[in-house]
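Scroll down for the structure; my scribbles are underneath it.
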Amino acid sequence: SWSGAAPTPPRALAAFCRTSGAVQRRVFTPRPGEVVDATTESHIYQVKLRDSLVSSLQFSKAKNAELAWLDGEIIAEEHLAPDGSREDAPDVEESRDSMYILQPLPPSQIPGHATIFVNELKLSDFKQVLLRNGVQAEFSGGVLYCNGIVAVRRNEAGRINIEGCLCEDYFKVREILYKQYAII
Numbered sequence: 001s002w003s004g005a006a007p008t009p010p011r012a013l014a015a016f017c018r019t020s021g022a023v024q025r026r027v028f029t030p031r032p033g034e035v036v037d038a039t040t041e042s043h044i045y046q047v048k049l050r051d052s053l054v055s056s057l058q059f060s061k062a063k064n065a066e067l068a069w070l071d072g073e074i075i076a077e078e079h080l081a082p083d084g085s086r087e088d089a090p091d092v093e094e095s096r097d098s099m100y101i102l103q104p105l106p107p108s109q110i111p112g113h114a115t116i117f118v119n120e121l122k123l124s125d126f127k128q129v130l131l132r133n134g135v136q137a138e139f140s141g142g143v144l145y146c147n148g149i150v151a152v153r154r155n156e157a158g159r160i161n162i163e164g165c166l167c168e169d170y171f172k173v174r175e176i177l178y179k180q181y182a183i184i
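Quick note, the sequence shown lines up with residues 1 to 184 if you use UniProt numbering.
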């Protein structure tokens, strides 16, 4: 539950989307557990993925899915005549049914992005993983202590922090921790 004079983070984000012009239609701000059909009153387009885009993706496994980050742009498919030459511009009805293509951005236009760790890690589950990997792990005050040298805790924002001197145990615990995430 959010307390304070400022609007809740989801409401603040919704207000930004409405006022900045980032979203041109409705902005949904559902409550936890509320189901929203975001497809109503929306335009849904089918896009083809260029082979060059698909082959450049680096997938990371996350439970029963595979995830990848991509940087691309959507372009309208060119209308080509059977001989390979460009046809005259399609009429309005035909352009509505045009296929769009998602193609990779040129390397010079790709912006960097922060690394994203995907998983809802429970420290109690992580403790079991550590024990199976030969690392002694004990909870004390909500902190998971590993081999008495490394501390793993969840901060106020819900993120996992790892602390300790940079030694063999630290890097082993960090490696095991990273294996619990799909990293994109």
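A virtual CB, placed ideally from N, CA and C, is assigned to each residue, including glycine.
Q. When DSSP labels each residue in this structure, what does L177 get in the three-state scheme?
A. To locate residue 177, count along the sequence shown from 1; it is residue 177. Helix, per DSSP.
**Q.** Closest residue to R132 among R11, E66, A182, L177 (Cα-Cα distance)
**A.** Counting from 1 along the sequence shown, the entry for residue 132 is found at position 132. Residue nearest to R132 within the set R11, E66, A182, L177 is L177 (criterion: CA-CA distance).
Q. So what's Y170 in DSSP terms, helix, strand or just coil?
A. Numbered from 1 along the sequence shown, position 170 holds the residue referred to as residue 170. Y170 falls in the helix class under three-state DSSP.
Q: Return the Cβ separation of R153 and L166 in integer angstroms, given the expectation that the two are a contact with Cβ distance under 8 Å.
A: As a working note, residue 153 is residue 153 in the sequence shown. As a working note, residue 166 is residue 166 in the sequence shown. Between the beta-carbon of R153 and that of L166 there is about 18 Å, and that puts the pair past the 8 Å contact cut.
(Q) Measuring straight from C-alpha to C-alpha, what distance separates R86 and A76? (A) Residue mapping note: residue 86 aligns to position 86 of the sequence shown, counting from 1. Residue mapping note: residue 76 aligns to position 76 of the sequence shown, counting from 1. In this predicted model, R86 has a pLDDT of only 46, less than 50, meaning its place in the structure is not dependable enough to derive any value.
Q.
Please report the distance separating the alpha-carbon of I160 from that of M99.
A. Position 160 of the sequence shown holds residue 160. Position 99 of the sequence shown holds residue 99. I160 and M99: Cα-Cα distance of roughly 43 Å.
Q. Which of the three DSSP states, helix, strand or coil, is assigned to V152?
A. The residue given as residue 152 occupies position 152 in the sequence shown. Here V152 sits in strand by DSSP.
Q. Is it true that the CB of I183 sits closer than 8 Å to the CB of T115?
A. For this step, residue 115 is matched to residue 115 along the sequence shown. For this step, residue 183 is matched to residue 183 along the sequence shown. Yes, these two residues count as a Cβ contact at 8 Å.
Q) Hey, how far is the Cα of L121 from the Cα of Y170? A) Within the sequence shown, residue 121 is the residue found at index 121, counting from 1. Within the sequence shown, residue 170 is the residue found at index 170, counting from 1. Computed Cα separation, rounded: 18 Å.
**Q.** Which listed residue (E138, R31, G158) has its alpha carbon closest to that of V150
**A.** In the sequence shown, residue 150 corresponds to position 150, counting from 1. Among E138, R31, G158, the Cα nearest to that of V150 belongs to E138.
Q) Using DSSP with H/G/I as helix, E/B as strand and the rest coil, what is W2? A) The count along the sequence shown starts at 1 and reaches residue 2 at position 2. The predicted model places W2 with a pLDDT of 46, which falls under 50 and marks its position as unreliable, so this point remains unresolved.
Q. Counting along the chain, where does the alpha helix (DSSP H) carrying Q109 start and finish?
A. Taking the first residue of the sequence shown as position 1, residue 109 is located at position 109. Q109 -> no alpha helix (DSSP H), and no H or E assigned at all.
Q: Could you name the residues of the same chain whose beta carbon sits closer than 8 Å to that of G84, not counting the 5 residues immediately before and after it, in chain order?
A: If you number the sequence shown from 1, residue 84 lands on position 84. Low local confidence applies: a pLDDT of 42 at G84 is under 50, so the model's placement there is unreliable, with the coordinate-based value given in what follows. Excluding sequence neighbours, G84 sits near nothing in its chain.
Q | I74 versus C17 - alpha carbon distance | A | Walking along the sequence shown from the start, residue 74 turns up at place 74. Walking along the sequence shown from the start, residue 17 turns up at place 17. Straight through space, the alpha carbons of C17 and I74 are spaced by roughly 22 Å.
Q) Would you report the Cα separation of Q46 and K179, rounded to the nearest angstrom? A) On the sequence shown, residue 46 is found 46 positions in, with the first residue counted as 1. On the sequence shown, residue 179 is found 179 positions in, with the first residue counted as 1. C-alpha separation (whole angstroms): 34 Å.
Q) Can you list, in chain order, the residues of its chain whose CB lies under 7 Å from that of V54, leaving out five sequence neighbours each side? A) Here residue 54 is taken as the residue at index 54 of the sequence shown, counted from 1. Cβ neighbours of V54 beyond the five flanking positions: none.
Q: Note down, in chain order, each residue of its chain lying with its Cβ closer than 6 Å to the Cβ of G142, except the 5 sequence neighbours on either side.
A: In the sequence shown, residue 142 corresponds to position 142, counting from 1. So no residue of the chain qualifies.
Q) Leaving out the 5 sequence neighbours to the left and right, which residues in its chain are closer than 6 Å to D71 when beta-carbon positions are compared? A) Residue numbering aside, residue 71 sits at position 71 when the sequence shown is read from its first letter. L105, I110.
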